[in-house]
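A.B. asks: Handing you this structure, nothing more for now.
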Ligand code: 2HA
Ligand code: ZN
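Okay, here's the thing in structure tokens:
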């Protein structure tokens, strides 16, 4: 059996959490990531019959029974994942009852998965129903995205439009736009259900005055989505209190979206 600490998916979790921390997106225990793994890739490193603990998830995830995830731990700091992956990450398998998780590795100090597991697993279910190749769900508190939440209407059409205007390639990176939820209590099944509902048509969902969720097929895709929103939000925050004398017009947004052949939300543009 190979050493789990050499697994590419553990390295990806370490590298990504470290990058997010250094960008200032994930203060203290802010943020969480879940990454769907293939059974065969887990079997290279772990005995799949050796369950360390069984942990209730607090909700039912029937479509995910038997599926494996590597997930950041509750209360853990992204700052510390790289130096101690076994304490800060865990590999779980959704058990036969659909409401508990078998822990196969990690949370070595007795911990468990993120308190946002409902939002993560429900988002995985929603994304998998529209894209069977989706593997990553990522939550973070990027600074400018969060700042923008306080000064810009929390309306998905208006917010997406503003972000698209801020960098030429935004509409190409997230043509499906950004879904928006109002402020809600986090860590609950309700916010999980609301996030998953948005995830049926968006890969990005803002949690009003809290942060953002992203979903994608790879760690790079998902990180890149959040990074691009954050860059656009930064440009917005740098310019929103100054007179705007130039802008990317809607016919130009349409031009670039069509040149790149992306399926964008046409009704989010203000064309005649
Ligand atoms: O896990 O970001 O939303 C810490 C959080 C909760
Ligand atoms: Zn959060």
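In the working numbering, the protein residues as written are 994 to 1265.
Glycine residues also receive a C-beta, built at the ideal position from the N, C-alpha and C atoms.
(1) Could you check whether the segment 1124-1135 touches the segment 1073-1080, counting it as contact only if at least three pairs of C-beta atoms, one from each stretch, sit closer than 8 Å?
(2) Would you call the CB atoms of residue 1164 and residue 1100 closer than 7 Å?
(3) Ends of the alpha helix (DSSP H) at residue 1154?
(4) Does the distance between the C-beta of residue 1204 and the nearest non-hydrogen atom of the ligand ZN fall short of 6 Å?
(5) Among the candidates 1107, 1081, 998, 1086, whose CA atom is the shortest distance from the CA of residue 1062?
(6) Nearest CA to the CA of residue 1104: which residue from 1244, 1148, 1119, 1068?
(7) Under three-state DSSP, which class holds residue 1033?
(8) Do the segment 1237-1245 and the segment 1208-1220 meet, that is, are 3 or more Cβ pairs less than 8 Å apart?
(9) On the CB-based measure, 16 or more other CB atoms within 10 Å of its CB, does residue 1124 come out buried or exposed?
(10) Given this structure, state the Cα-to-Cα distance separating residue 1263 from residue 1155, to the nearest angstrom.
(11) CB residue 1141 to CB residue 1229, shorter than 7 Å?
(12) Which word fits residue 1261, buried or exposed, when buried means at least 16 other C-beta atoms lie within 10 angstroms of its C-beta?
(13) Quick check: the Cα distance between residue 1059 and residue 1088, rounded to an integer number of angstroms?
(14) Bridge partners of residue 1027, per DSSP?
(15) Can you determine whether any heavy atom of the ligand 2HA sits closer than 6 Å to the C-beta of residue 1107, and answer yes or no?
(16) Mapping DSSP to helix, strand and coil, what is residue 1217?
(17) Below 8 Å, how does it come out for the segment 1246-1253 and the segment 1176-1187: are there three or more Cβ pairs, yes or no?
(18) Put residue 1185 into one of helix, strand or coil per three-state DSSP.
(19) Let's see if you can read the secondary structure: which residues bound the beta strand (DSSP E) around residue 1094?
(20) Buried or exposed: which applies to residue 1025, given that a residue is buried once 16 or more other Cβ atoms fall within 10 Å of its Cβ?
C.D. replies: Quick look at the numbers:
(1) By the C-beta criterion, the segment 1124-1135 is judged not to be in contact with the segment 1073-1080, since fewer than 3 inter-stretch pairs fall below 8 Å.
(2) Going by C-beta atoms, residue 1164 is not nearer than 7 Å to residue 1100.
(3) First-last of the alpha helix (DSSP H) with residue 1154: 1149-1159.
(4) Look at residue 1204: its beta carbon is less than 6 Å from one of the heavy atoms in the ligand ZN.
(5) Each of 1107, 1081, 998, 1086 was checked against the Cα of residue 1062, and the nearest Cα belongs to 1086.
(6) Relative to residue 1104, the option among 1244, 1148, 1119, 1068 whose CA is nearest is 1068.
(7) Looking at residue 1033 - three-state DSSP - the assignment turns out to be helix.
(8) Too few Cβ pairs lie closer than 8 Å, so no.
(9) Exposed.
(10) Rounded to the nearest angstrom, the two C-alpha atoms are 12 Å apart.
(11) For residue 1141 and residue 1229, yes; Cβs fall inside 7 Å.
(12) Classification of residue 1261: buried, given that the 10 Å Cβ count is 16 or more.
(13) Residue 1059 and residue 1088 have their C-alpha atoms roughly 6 Å apart.
(14) Paired residues: 1064, 1130.
(15) For residue 1107, the CB falls within less than 6 Å of some heavy atom of the ligand 2HA.
(16) Here residue 1217 carries a helix assignment [DSSP, helix/strand/coil].
(17) Counting Cβ pairs under 8 Å, fewer than three are found: no touch.
(18) In this structure, DSSP gives residue 1185 a helical state, which the three-state scheme calls helix.
(19) Unbroken beta strand (DSSP E) run through residue 1094: 1093-1099.
(20) Flag for residue 1025 reads buried.
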